[in-house]
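Since the structure comes first, as C-alpha cells, the remarks are kept for the end.
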Amino acid sequence: MAPKGQKFELKTPKGTKDWEGKDMVIRDKIFSTITEVFKRHGAVTIDTPVFELKEILSGKYGEDSKLIYDLADQGGEICSLRYDLTVPFARWLAMNRDVQNIKRYHIAKVYRRDQPAMTKGRMREFYQCDFDIAGSYDSMLPDAEIVRITTEVFEGLGWNGRYTIKLNHRKILDGIFEVCGVPSKMIRTISSAVDKLDKLPWEEVRKEMTEEKGLEGSVADKIGEYVVQKGQKDLLSKLQADPLLTANESMKIGMAEMELLFEYLEAFNCLENVSFDLSLARGLDYYTGLIYEVVTEGSAPPAVTTDATTAPLKPSKKPSGGKAKADFDEDRSSDPSVGVGSVAAGGRYDNLVGMFSGKNQIPCVGISFGVDRIFSITKARMAADKNSEVVRNNEVDVYVMAFGGKGFTGLVKERIAICAKLWEAGIKAEFSYKVKPKLQNQFKAAEVNGVPMAVVIGEDEVAQGKVNIKEMGLREGHPEKNGVLVNLADIVPEIRQRLKRKATLDQLVQEADGLRVVDGIKGEPEKIEIVPETEKPVEESPLSQEAS
Numbered sequence: 345m346a347p348k349g350q351k352f353e354l355k356t357p358k359g360t361k362d363w364e365g366k367d368m369v370i371r372d373k374i375f376s377t378i379t380e381v382f383k384r385h386g387a388v389t390i391d392t393p394v395f396e397l398k399e400i401l402s403g404k405y406g407e408d409s410k411l412i413y414d415l416a417d418q419g420g421e422i423c424s425l426r427y428d429l430t431v432p433f434a435r436w437l438a439m440n441r442d443v444q445n446i447k448r449y450h451i452a453k454v455y456r457r458d459q460p461a462m463t464k465g466r467m468r469e470f471y472q473c474d475f476d477i478a479g480s481y482d483s484m485l486p487d488a489e490i491v492r493i494t495t496e497v498f499e500g501l502g503w504n505g506r507y508t509i510k511l512n513h514r515k516i517l518d519g520i521f522e523v524c525g526v527p528s529k530m531i532r533t534i535s536s537a538v539d540k541l542d543k544l545p546w547e548e549v550r551k552e553m554t555e556e557k558g559l560e561g562s563v564a565d566k567i568g569e570y571v572v573q574k575g576q577k578d579l580l581s582k583l584q585a586d587p588l589l590t591a592n593e594s595m596k597i598g599m600a601e602m603e604l605l606f607e608y609l610e611a612f613n614c615l616e617n618v619s620f621d622l623s624l625a626r627g628l629d630y631y632t633g634l635i636y637e638v639v640t641e642g643s644a645p646p647a648v649t650t651d652a653t654t655a656p657l658k659p660s661k662k663p664s665g666g667k668a669k670a671d672f673d674e675d676r677s678s679d680p681s682v683g684v685g686s687v688a689a690g691g692r693y694d695n696l697v698g699m700f701s702g703k704n705q706i707p708c709v710g711i712s713f714g715v716d717r718i719f720s721i722t723k724a725r726m727a728a729d730k731n732s733e734v735v736r737n738n739e740v741d742v743y744v745m746a747f748g749g750k751g752f753t754g755l756v757k758e759r760i761a762i763c764a765k766l767w768e769a770g771i772k773a774e775f776s777y778k779v780k781p782k783l784q785n786q787f788k789a790a791e792v793n794g795v796p797m798a799v800v801i802g803e804d805e806v807a808q809g810k811v812n813i814k815e816m817g818l819r820e821g822h823p824e825k826n827g828v829l830v831n832l833a834d835i836v837p838e839i840r841q842r843l844k845r846k847a848t849l850d851q852l853v854q855e856a857d858g859l860r861v862v863d864g865i866k867g868e869p870e871k872i873e874i875v876p877e878t879e880k881p882v883e884e885s886p887l888s889q890e891a892s
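And the structure:
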C-alpha cells in the first residue's frame with residue numbers, strides 16, 4: 345500500500361497490457377487453432393520456468409542479447425527472464441538425456457526489452473507458440489513438415505493465403521558472404537545487418553555494414569546484388585548456374601538441401617505461399633541450416649524495400665543521449681517507419697543442445713508463432729471485413745429466464761435447477777443473479793453476449809412441467825418467434841437438437857453470397873424463408889416483452 349499522501353499512476357508497465365473481453369475471445373481462438381494443428385502432427389507439450397540462469401541465455405542471441413531482461417541479484421543465482429522458448433527447450437533436452445527425439449510444442453510468455461508498438465503487436469511481454477522437432481532424421485524431412493504446419497496454422501486462422509513463408513538457408517547465406525569477400529570473423533555480424541532489411545532500406549543496411557562494421561564498400565555492393573533476389577525453384581536454378589557459387593562448399597551443401605526441400609514441399613502441397621528469399625538472415629546466432637519467417641501485409645513499414653538500387657525515405661533516427669533512452673521506452677504504434685514485423689519465424693539449430701551438454705548433440709528444427717502480432721493483424725482484418733464472424737463475449741448457449749405478473753416470486757430455485765440440469769449435460773448456460781429479474785433485462789443480457797437460445801419459464805410452465813425454448817433473433821413472422829413449449833424432462837435433447845440445427849443453418853448462411861449471421865438469421869432477401877426441418881405446433885406464450 346502506498347504511503348499516505350503519496351500519489352502514483354495506476355497503469356501497466358510499458359510494453360505490456362491487460363487482456364479482457366472480446367480480445368480474449370479472439371486470442372483464445374488463435375491459441376486453440378494453433379494447438380489443434382500442433383497436436384495433429386503428433387506434438388506433446390512441456391513447460392519451463394519463466395526465468396533461467398543468466399549464463400544459459402548468454403551468447404545465444406547475437407546483437408539482440410541487449411534486449412534480455414536481467415533480474416536483480418537476490419543473494420542467490422543470477423537469473424534473466426527468458427527471451428524465447430527455444431534456448432530453454434535446448435537446455436531441457438540437455439538435462440534429459442534419455443530424450444533423444446521429440447516433437448514438442450510450448451505456448452508461454454517471453455520477455456524482450458524492445459521498443460514497443462502496442463497496436464502492431466510489438467510488445468515487451470508476449471506469447472510465443474513454438475513447435476520443434478528434435479532428433480536425428482533424414483535430411484529436410486522435419487524441415488519440410490514445419491512449412492506444412494505453418495501453412496495449416498495460417499489457413500486454420502482464416503488468412504486464406506494472405507501470408508508469405510520466406511525461406512533461406514544459413515549455408516547459402518554464408519556461402520554468398522564468402523564468395524563476396526566477407527572475412528570469416530565478420531560473417532555473423534554482417535548477417536545481423538542483412539537481417540534488418542525487412543525494417544530498413546538497403547542504403548541504411550549498407551551504411552551499417554561499411555561505416556559501423558568496417559566492411560569494404562565493394563564487398564557490400566556485391567552482397568546487395570544477391571540479397572534482393574527471391575523466387576522458388578527458379579531462384580535455386582539461377583544460383584546453381586553461377587560458377588562462383590557452385591565452387592563454394594557451403595553453397596553446395598545449402599543448395600542441395602534446398603533442392604530436396606522443394607521436392608518435399610511439393611509433395612506436402614504447401615509451395616504456394618513459399619518464397620525463397622536471399623534477404624532473410626535471422627539474426628540469432630544458433631541457427632545452422634534452413635531458416636523461416638512468415639510475413640503479411642503490415643509486417644514491414646510502408647517505406648521499406650530491399651531493393652539495393654533505390655533508397656526510399658529513411659525512418660527518423662533516434663536522438664542521442666538521455667533523450668534517446670526516453671524515446672526508446674515510448675510506444676511507436678503511430679510511427680509509419682515501424683511495421684508489425686514477422687508473425688512467425690524459426691529454423692534449424694543443430695548445435696544448440698551441444699552447447700549445454702558437450703557430446704550430446706541433438707539436431708533440432710522448429711518455428712515460433714507470435715500470437716500478439718497475429719492477434720493485431722487478425723483484429724484489424726475483422727474490423728475491415730463487414731462479413732467477418734461476430735465475436736461473442738462468451739460461449740454460453742442458453743440463458744435461463746423467468747417472468748411473471750403481480751406476486752412474481754422470481755422462480756430462482758427453478759432457474760437454478762434448470763441450469764444445473766443443462767450443465768450436467770455439458771450445455772453452457774447461465775441465469776440472472778437477481779431474485780426477481782425483469783424479463784426485458786434478461787433478454788438484454790442474453791442479446792449483449794450473443795446467446796443463441798433462451799429457456800423461459802413462468803408460473804404456468806412450472807405447474808405444467810414445461811419450459812419455453814426460444815431461438816434468439818428470429819425475424820417477425822417466423823413460426824417459432826415466440827418459442828416452443830416442451831416438457832422439462834426433454835429439455836436436454838430438445839436444446840441439443842436446436843443448437844445443432846442452428847449451427848448447420850448458420851454455416852449455410854455464412855457460405856451463401858451476401859448473407860451474414862448476426863444473432864440469428866438476418867439480411868436474407870424477402871423471398872427466402874429458412875424454417876426448421878421439423879415444425880411443431882406453437883403454443884401461446886406471453887413473450888411479447890422481448891425487444892428483438
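With our numbering applied, the sequence shown closes on residue 892, and no number is skipped along the way. A virtual CB, placed ideally from N, CA and C, is assigned to each residue, including glycine.
Buried/exposed call for residue i, threshold 16 Cβ in 10 Å
{"i": "residue 503", "result": "buried"}
{"i": "residue 428", "result": "buried"}
{"i": "residue 352", "result": "exposed"}
{"i": "residue 472", "result": "buried"}
{"i": "residue 402", "result": "exposed"}
{"i": "residue 769", "result": "exposed"}
{"i": "residue 761", "result": "exposed"}
{"i": "residue 819", "result": "exposed"}
{"i": "residue 464", "result": "buried"}
{"i": "residue 542", "result": "buried"}
{"i": "residue 436", "result": "buried"}
{"i": "residue 439", "result": "exposed"}
{"i": "residue 422", "result": "exposed"}
{"i": "residue 581", "result": "exposed"}
{"i": "residue 570", "result": "buried"}
Range covered by the alpha helix (DSSP H) that runs through residue i
{"i": "residue 448", "result": "Here residue 448 belongs to no alpha helix (DSSP H); instead the beta strand (DSSP E) covers 446 to 455."}
{"i": "residue 481", "result": "First-last for residue 481: undefined, no H or E at that position."}
{"i": "residue 369", "result": "365 to 384"}
{"i": "residue 564", "result": "561 to 571"}
{"i": "residue 831", "result": "It is not in any alpha helix (DSSP H) - residue 831 instead sits in the beta strand (DSSP E) that spans 828 to 831."}
{"i": "residue 699", "result": "696 to 701"}
{"i": "residue 439", "result": "430 to 439"}
{"i": "residue 538", "result": "531 to 538"}
{"i": "residue 783", "result": "783 to 792"}
{"i": "residue 549", "result": "546 to 551"}
Three-state secondary structure assigned by DSSP to residue i
{"i": "residue 710", "result": "strand"}
{"i": "residue 401", "result": "helix"}
{"i": "residue 691", "result": "strand"}
{"i": "residue 499", "result": "helix"}
{"i": "residue 487", "result": "helix"}
{"i": "residue 614", "result": "coil"}
{"i": "residue 581", "result": "helix"}
{"i": "residue 591", "result": "coil"}
{"i": "residue 410", "result": "helix"}
{"i": "residue 670", "result": "Caution applies to residue 670, whose pLDDT of 49 falls short of 50 and renders its modelled position unreliable; the model cannot decide the point."}
{"i": "residue 388", "result": "strand"}
{"i": "residue 604", "result": "helix"}
{"i": "residue 461", "result": "strand"}
{"i": "residue 621", "result": "strand"}
{"i": "residue 637", "result": "strand"}
{"i": "residue 841", "result": "helix"}
{"i": "residue 716", "result": "helix"}
Where the beta strand (DSSP E) containing residue i begins and where it ends
{"i": "residue 814", "result": "810 to 815"}
{"i": "residue 511", "result": "508 to 513"}
{"i": "residue 641", "result": "Per DSSP, residue 641 belongs to no beta strand (DSSP E) and is neither H nor E."}
{"i": "residue 423", "result": "423 to 425"}
{"i": "residue 556", "result": "Residue 556 -> no beta strand (DSSP E), and no H or E assigned at all."}
{"i": "residue 769", "result": "Segment: none, residue 769 is in no beta strand (DSSP E) and carries neither H nor E."}
{"i": "residue 799", "result": "797 to 801"}
CA nearest to the CA of residue i, picked from the options
{"i": "residue 565", "options": "547, 797, 726, 396", "result": "547"}
{"i": "residue 744", "options": "594, 481, 544, 795", "result": "795"}
{"i": "residue 637", "options": "608, 628, 691, 614", "result": "691"}
{"i": "residue 412", "options": "436, 468, 594", "result": "468"}
{"i": "residue 782", "options": "754, 809, 765, 772", "result": "754"}
{"i": "residue 532", "options": "405, 415, 574", "result": "405"}
{"i": "residue 723", "options": "355, 589, 368", "result": "368"}
{"i": "residue 895", "options": "641, 571, 518", "result": "No statement about residue 895 is possible, as the shown extent of the chain runs from 345 to 892 and does not include it."}
{"i": "residue 460", "options": "823, 725, 717", "result": "717"}
{"i": "residue 555", "options": "778, 534, 382", "result": "534"}
{"i": "residue 407", "options": "501, 360, 537", "result": "537"}
- Continuous beta strand (DSSP E) assignments of at least 3 residues falling wholly in the stretch 718 to 759: 742 to 746
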